[in-house]
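Basically the working numbering = 1-based index in the sequence shown + 3. All C-beta atoms, glycine included, are put in the ideal place defined by N, C-alpha and C. To keep things clear, I will list the structure first and then write my remarks on it.
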Amino acid sequence: MIRDAPFVDDWTEEEYRILVKCLKNTAATGGFVFAAFCDGTLKGFASVEPALFGGDQGYLDLSCIHVSEDARGKGIGKALFLAAEDWARARGGRKLYISAHSAVESQAFYKAMGCVEAEKYHQGHVEAEPYDCQLECEL
Numbered sequence: 004m005i006r007d008a009p010f011v012d013d014w015t016e017e018e019y020r021i022l023v024k025c026l027k028n029t030a031a032t033g034g035f036v037f038a039a040f041c042d043g044t045l046k047g048f049a050s051v052e053p054a055l056f057g058g059d060q061g062y063l064d065l066s067c068i069h070v071s072e073d074a075r076g077k078g079i080g081k082a083l084f085l086a087a088e089d090w091a092r093a094r095g096g097r098k099l100y101i102s103a104h105s106a107v108e109s110q111a112f113y114k115a116m117g118c119v120e121a122e123k124y125h126q127g128h129v130e131a132e133p134y135d136c137q138l139e140c141e142l
């Protein structure tokens with residue numbers, strides 16, 4: 004079902020600082036951070052947290068994936084997602100877990116990547132982002 008949701012995607016400098024701090028923490032704690040650049044400018048990034056969760060599901064959390072609006076539709080998101088899958092598989096994960104933005108375009112991307120509704124929801128993600136769709140992707 005498609006319906007309007009009250010969401011503003013207008014980040015402040017402080018929110019960017021928090022994101023950078025989170026990505027640095029992910030890398031420092033053994034997680035995965037991967038970026039795409041064009042002519043020296045950051046155009047996309049993805050991150051996967053290092054800790055397995057979800058019991059038998061063997062989830063690893065795809066905590067971030069983003070491609071700049073001007074670089075979308077050029078395969079960057081797919082390359083980032085596939086790199087995250089490769090890393091998660093090598094770490095022993097069975098599935099990527101994604102608390103995915105509910106935008107129509109985001110959902111189309113995840114569907115194209117083979118994602119489906121998560122069998123088990125991560126309650127922390129549900130509480131933090133109630134409009135997100137909880138997805139998984141088998142590795």
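Buried versus exposed, by CB contacts within 10 Å (16 or more), residue i
{"i": "G57", "result": "buried"}
{"i": "C41", "result": "exposed"}
{"i": "E52", "result": "buried"}
{"i": "V129", "result": "exposed"}
{"i": "V70", "result": "buried"}
{"i": "G96", "result": "buried"}
{"i": "E88", "result": "buried"}
{"i": "K98", "result": "buried"}
{"i": "L39", "result": "Per the sequence shown, the amino acid found at residue 39 is Ala instead of Leu. Buried, since its Cβ has 16 or more Cβ neighbours within 10 Å."}
Bridge partner(s) assigned by DSSP for residue i
{"i": "E139", "result": "Y100, V119"}
{"i": "I79", "result": "BP columns for I79 are empty, so no partner."}
{"i": "G47", "result": "A39, V70"}
{"i": "F56", "result": "Y62"}
Rounded straight-line distance, which links the Cα of residue j to that of residue i
{"i": "A103", "j": "D135", "result": "5 Å"}
{"i": "Q137", "j": "G117", "result": "14 Å"}
{"i": "C67", "j": "G61", "result": "18 Å"}
{"i": "A31", "j": "E18", "result": "20 Å"}
{"i": "G47", "j": "D59", "result": "31 Å"}
{"i": "L26", "j": "A54", "result": "15 Å"}
{"i": "T29", "j": "V36", "result": "7 Å"}
{"i": "G108", "j": "E72", "result": "First, the amino acid is wrong: residue 108 is Glu here, not Gly. Their Cα atoms are separated by approximately 11 Å."}
Limits of the unbroken alpha helix (DSSP H) element including residue i
{"i": "K27", "result": "16–31"}
{"i": "H128", "result": "126–131"}
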